[in-house]
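Undergrad: Numbering of the sequence shown is given in our numbering, commencing with residue 10 and proceeding in unit increments. The C-beta atom is built at its ideal place from N, Cα and C for all residues, glycine as well. Got a structure for you, written out below as structure tokens; questions coming shortly.
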Amino acid sequence: MKNSEIRPEKLHLREIRKSLRKIRMKCFCSGEQMRPREDEDKKSELGVGRDYNGSSALSTAESENAKKLDNGNIEEAELSLRETSSLNYEEARALLGRIEYQKGNIEAALRVFEGIDINGITIKMKTALTVREERKHRRRSKGGFAATPPPSMSKHAVSLLFEAIFLKAKSLQRLGRFQEAAQSCRVILDIVETSLAEGASDNVTGDIKLQETLTKAVELLPELWKLADSPRDAILSYRRALLNHWKLDPETTARIQKEYAVFLLYSGEEAVPPNLRSQTEGSFIPRNNVEEAILLLMLLLRKVNLKRISWDAAILDHLSFALTIAGDLTALAKQFEELSPELYDQRELYHTLSLCYQGAGEGLVALGLLRKLFSEREDPNRILGLLMASKICGERAGLAEEGLDYARRAIGNLGNECSQLDGAARFVLGITLTESSRMAVTETERIARQSEGIQALESADMTNPRVVHRLALENAEQRKLDSALAYAKQALKLGAESDLEVWLLLARVLSAQKRFSDAETIVDAALNETGKWEQGKLLRLKAKIRLAKGEVKDAITTYTQLLALLQVQSKSFNSAKKLPKIYSLQGYVEELRSLELGTWHDLAHIYINLSQWRDAESCLSRSRLIAPYSSVRYHTEGVLHNRQGQLEEAMEAFTTALDIDPMHVPSLISKAEILLELGNRSGIAVVRSFLMEALRIDRLNHSAWYNLGKMFKAEGSVSSMQEAVECFQAAVTLEETMPVEPFR
10 MKNSEIRPEK LHLREIRKSL RKIRMKCFCS GEQMRPREDE DKKSELGVGR DYNGSSALST
70 AESENAKKLD NGNIEEAELS LRETSSLNYE EARALLGRIE YQKGNIEAAL RVFEGIDING
130 ITIKMKTALT VREERKHRRR SKGGFAATPP PSMSKHAVSL LFEAIFLKAK SLQRLGRFQE
190 AAQSCRVILD IVETSLAEGA SDNVTGDIKL QETLTKAVEL LPELWKLADS PRDAILSYRR
250 ALLNHWKLDP ETTARIQKEY AVFLLYSGEE AVPPNLRSQT EGSFIPRNNV EEAILLLMLL
310 LRKVNLKRIS WDAAILDHLS FALTIAGDLT ALAKQFEELS PELYDQRELY HTLSLCYQGA
370 GEGLVALGLL RKLFSEREDP NRILGLLMAS KICGERAGLA EEGLDYARRA IGNLGNECSQ
430 LDGAARFVLG ITLTESSRMA VTETERIARQ SEGIQALESA DMTNPRVVHR LALENAEQRK
490 LDSALAYAKQ ALKLGAESDL EVWLLLARVL SAQKRFSDAE TIVDAALNET GKWEQGKLLR
550 LKAKIRLAKG EVKDAITTYT QLLALLQVQS KSFNSAKKLP KIYSLQGYVE ELRSLELGTW
610 HDLAHIYINL SQWRDAESCL SRSRLIAPYS SVRYHTEGVL HNRQGQLEEA MEAFTTALDI
670 DPMHVPSLIS KAEILLELGN RSGIAVVRSF LMEALRIDRL NHSAWYNLGK MFKAEGSVSS
730 MQEAVECFQA AVTLEETMPV EPFR
């Protein structure tokens with residue numbers, strides 16, 4: 010067939026193919042003629058020098074793929090020729106580099122891409138993106154209509170070169186040159202960012218291919234910086250990706266947010282807080298990695314609930330971890346409660362919520378959720394739920410019987426499946442048995458449950474410091490001080506000498522043995538091992554030990570140090586500084602309040618014993634500001650009035666204390682003392698009721714036994730005198746083994 014008979018479009022396609030082949034050969038030959046022979050061999054291995062007309066050694070399948078790739082790129086070249094009437098050197102390299110990349114010839118593709126003068130074409134690309142398309146407008150001129158001159162580079166060419174820059178970054182990534190890859194990828198973002206700042210939003214986002222390349226580059230850049238071991242640049246790239254207006258689709262934005270949150274939580278690199286110039290006054294600015302990660306994950310969870318993105322269970326897992334280490338389990342529970350029902354199994358939800366509320370210190374709320382869980386016929390977490398419910402009940406005297414039932418049901422369902430769960434179940438059973446023994450009606454039942462509880466604890470995992478600590482506590486409260494001391498020392502070793510409660514128990518046991526100097530030494534050692542935030546209880550215990558040694562001035566000095574520490578902690582809280590992770594917000598506030606209140610009352614008692622009434626009243630006025638309705642404060646006021654001989658005012662104060670807390674043992678005893686002092690025989694029955702109630706609550710209170718002995722002695726009968734002797738003996742024995750502050 011003659012050339013004149015061939016259709017014009019086919020002739021045009023032939024010309025394009027010829028042009029591409031010539032430019033291809035020019036691209037590979039220019040600048041590479043002086044390369045060693047080894048490079049030529051590599052080229053032949055990678056297919057750089059192949060004849061694309063079919064003379065290479067490709068298989069049939071490979072030839073077909075090559076034809077498809079060539080056809081696609083020829084169509085792209087034809088589009089470029091239509092728009093610019095020519096295919097320049099950079100565009101040709103972009104097309105040929107893409108061919109090599111798609112065939113897997115990474116090194117060959119990189120050599121082609123490196124021939125593109127990025128710096129030289131950057132200005133042209135920015136100009137092409139920032140020039141706005143204007144409608145043709147009429148104006149009087151000799152030539153008739155005039156139009157805005159087109160930019161030197163078409164948007165299609167910009168898109169083609171953007172893809173070349175991106176593929177260059179991918180090639181560098183596959184060759185392990187991560188920093189160079191990140192720098193190449195960043196060029197795309199720099200160009201687009203500059204163009205967007207000049208109002209080129211429609212030009213950028215209007216081109217589908219350009220927007221697709223931009224989206225890939227935005228997502229790739231932080232990953233490249235992570236591979237290059239440059240965490241600071243990775244963080245800046247993540248923030249740049251999320252804060253700039255790249256017009257990313259919701260799923261891409263969600264992926265970037267999730268990856269950034271994961272990086273913040275687990276990378277170990279502490280990020281500098283973001284400097285948001287445009288934030289509104291009072292808006293939340295994260296202060297550290299964890300807060301920034303929580304913010305991102307909460308935003309993702311909200312998008313899931315609004316059905317803007319698909320459900321990803323990993324979001325909830327990472328958020329649970331972040332809020333747990335932040336100590337805000339109530340916020341975590343709220344996030345679970347806001348989940349759509351179809352996203353989370355309701356039985357799993359009840360179990361998880363109970364864990365959250367238990368960790369946040371709201372045990373009764375957790376127990377209510379677990380009771381709902383137990384009503385379900387099938388519960389995959391039944392044993393764990395029973396153990397948790399038993400533990401919650403075991404911490405509350407009124408619920409000990411219910412907890413005992415849960416513990417026994419857990420052990421019955423467990424069998425021999427898991428030794429660790431068996432040890433945990435026996436530990437919880439021991440706690441509930443010892444707690445329920447305090448509410449036993451008869452002495453025989455009380456002793457039997459105590460003994461069974463100790464046996465259950467001893468059969469639990471004795472390598473667990475919590476188990477050993479509990480054994481030390483139970484032996485101490487039963488006044489088995491030698492055993493308690495041995496268990497406390499063992500728990501201290503198992504706990505790597507970092508458990509505050511074990512340090513406190515060890516010092517209290519030594520004080521009960523009247524080894525006050527040893528107890529003070531233990532407290533000093535604990536002060537050296539613990540941080541400032543945990544030293545409040547230790548300083549208060551040290552002051553009480555010094556007071557027991559008769560060192561009143563030193564005790565007052567220690568209380569002064571404690572008040573100074575509490576003031577610093579209070580200011581830190583008020584200024585919203587970072588709280589220690591051992592506290593939740595509510596627990597931290599309650600800890601400060603209780604410790605300061607107790608300190609003022611301790612000082613008031615010291616000044617009462619020194620007959621310094623004004624100082625005692627000053628301490629009580631300070632405690633009144635903290636807690637206006639405190640049974641302890643009213644009791645201390647009653648003691649002050651009693652020492653001043655104001656019996657009527659003292660009686661009124663004790664009565665008010667019991668109105669606030671009917672189970673306040675010191676007020677029950679103090680009220681009985683005044684009635685005994687008045688010597689009214691008709692009041693003996695009332696005295697007996699007060700003292701028996703005090704002993705029901707705290708059967709090891711030596712003061713209650715002593716006053717009960719005084720009451721029997723006042724009755725004057727032979728039988729009552731014998732009972733008085735027994736009460737006095739019990740009081741002496743208990744006083745000899747009494748710690749400077751309660752063991753628990």
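Is the beta carbon of methionine 660 sitting closer than 8 Å to the one on isoleucine 693?
TA: Note that the C-beta distance between methionine 660 and isoleucine 693 is not below 8 Å.
Undergrad: May I have the straight-line CA-CA distance separating aspartate 533 from leucine 503, to the nearest angstrom?
TA: 20 Å
Undergrad: Just to confirm, are cysteine 736 and leucine 717 a CB contact at a threshold of 8 Å?
TA: yes
Undergrad: Can you tell me where the alpha helix (DSSP H) with aspartate 258 in it begins and where it stops?
TA: Where aspartate 258 is concerned, there is no enclosing alpha helix (DSSP H), given that its DSSP letter is neither H nor E.
Undergrad: Just checking, does the region 126 to 137 make contact with the region 161 to 175 on the three C-beta pairs under 8 Å criterion?
TA: The region 126 to 137 makes contact with the region 161 to 175, as at least three CB pairs between them are under 8 Å.
Undergrad: Roughly how many whole angstroms lie between the Cα atoms of aspartate 508 and leucine 604?
TA: 19 Å
Undergrad: Excluding sequence positions up to five away, which residues of its chain have a Cβ less than 7 Å from the Cβ of glutamate 750?
TA: Hits under 7 Å: Arg517, Leu550 and Lys553.
Undergrad: Suppose the cutoff is 7 Å on Cβ atoms and the five residues either side in sequence are ignored; what does the same chain contact list for serine 276 look like?
TA: Pro240
Undergrad: Find out if the Cβ-Cβ distance for the pair phenylalanine 175, isoleucine 197 is shorter than 8 Å.
TA: yes
Undergrad: Just the Cα atoms here: how many angstroms apart are glutamate 744 and glutamine 522?
TA: 11 Å
Undergrad: Around the Cβ of glutamate 347, are there at least 16 other Cβ atoms within 10 angstroms (buried) or fewer (exposed)?
TA: exposed
Undergrad: Among Gln544, Cys365 and Ala740, which one has its Cα closest to the Cα of aspartate 337?
TA: Cys365
Undergrad: Report the three-state DSSP secondary structure of isoleucine 318 (helix, strand or coil).
TA: Reduced to three states, the DSSP call for isoleucine 318 is coil.
Undergrad: Apart from the five residues on each side of it in sequence, which residues of its chain come closer than 8 Å, Cβ to Cβ, to isoleucine 324?
TA: Lys267, Leu306, Leu309, Leu310 and Val313
Undergrad: In its own chain, which residues sit with a C-beta less than 6 Å from the C-beta of threonine 69, not counting the 5 before and 5 after it?
TA: Its pLDDT being 43, under 50, threonine 69 is placed unreliably by the model, and nothing is read from it.
Undergrad: One question on the structure: do leucine 606 and isoleucine 635 come within less than 8 Å of each other, judged by their Cβ atoms?
TA: yes
Undergrad: Confirm, please, whether the CB-CB distance from leucine 547 to alanine 535 is below 8 Å.
TA: yes
Undergrad: What separation, rounded to the nearest whole angstrom, lies between the Cα atoms of leucine 514 and isoleucine 420?
TA: 30 Å
Undergrad: Contact check, asparagine 557 vs phenylalanine 525 under 8 Å by CB: the rounded distance?
TA: For the record, residue 557 in the displayed sequence is alanine; it is not asparagine. Confirmed, Cβ separation roughly 6 Å.
Undergrad: From Leu490, Leu494, Asp431 and Ala322, pick the residue whose C-alpha is nearest to that of alanine 465; which is it?
TA: Asp431
Undergrad: Would DSSP call histidine 711 helix, strand or coil?
TA: helix
Undergrad: Under 8 Å Cβ to Cβ from glycine 377, same chain only, skipping five residues before and after it: list those, please.
TA: none
Undergrad: Assign tryptophan 622 to one of two classes, buried (16 or more other C-beta atoms within 10 Å of its C-beta) or exposed (fewer than that).
TA: exposed
Undergrad: What residue range does the alpha helix (DSSP H) around alanine 739 cover?
TA: Looking at the DSSP string, the run of the alpha helix (DSSP H) that includes alanine 739 is 727 to 745.
Undergrad: What is the residue span of the alpha helix (DSSP H) that phenylalanine 345 lies within?
TA: 338 to 346
Undergrad: In or out: tyrosine 638 buried (at least 16 other Cβ within 10 Å) or exposed?
TA: exposed
Undergrad: Here's a check: name, in chain order, each residue in its chain whose Cβ is nearer than 6 Å to the Cβ of tryptophan 320, leaving out the five neighbours to either side.
TA: Val313 and Leu352
Undergrad: Pull up the CB-CB distance for alanine 666 and serine 640, whole angstroms please, since I reckon it's below 8 Å.
TA: 4 Å
Undergrad: Please state whether the Cβ-Cβ distance between leucine 413 and threonine 441 is less than 8 Å.
TA: yes
Undergrad: What would DSSP say about aspartate 624, mapped onto helix, strand or coil?
TA: helix
Undergrad: Pairs of beta-carbons, one from the region 175 to 190 and one from the region 222 to 239, closer than 8 Å: are there three or more?
TA: yes
Undergrad: Report the option in Asp624, Leu373, Arg391 and Ala340 whose CA atom is closest to the CA atom of glycine 403.
TA: Distances from the alpha-carbon of glycine 403 to those of Asp624, Leu373, Arg391 and Ala340 put Leu373 closest.
Undergrad: Closest by CA to leucine 138, which one among Ala206, Lys179, Tyr98 and Ser180?
TA: Ala206
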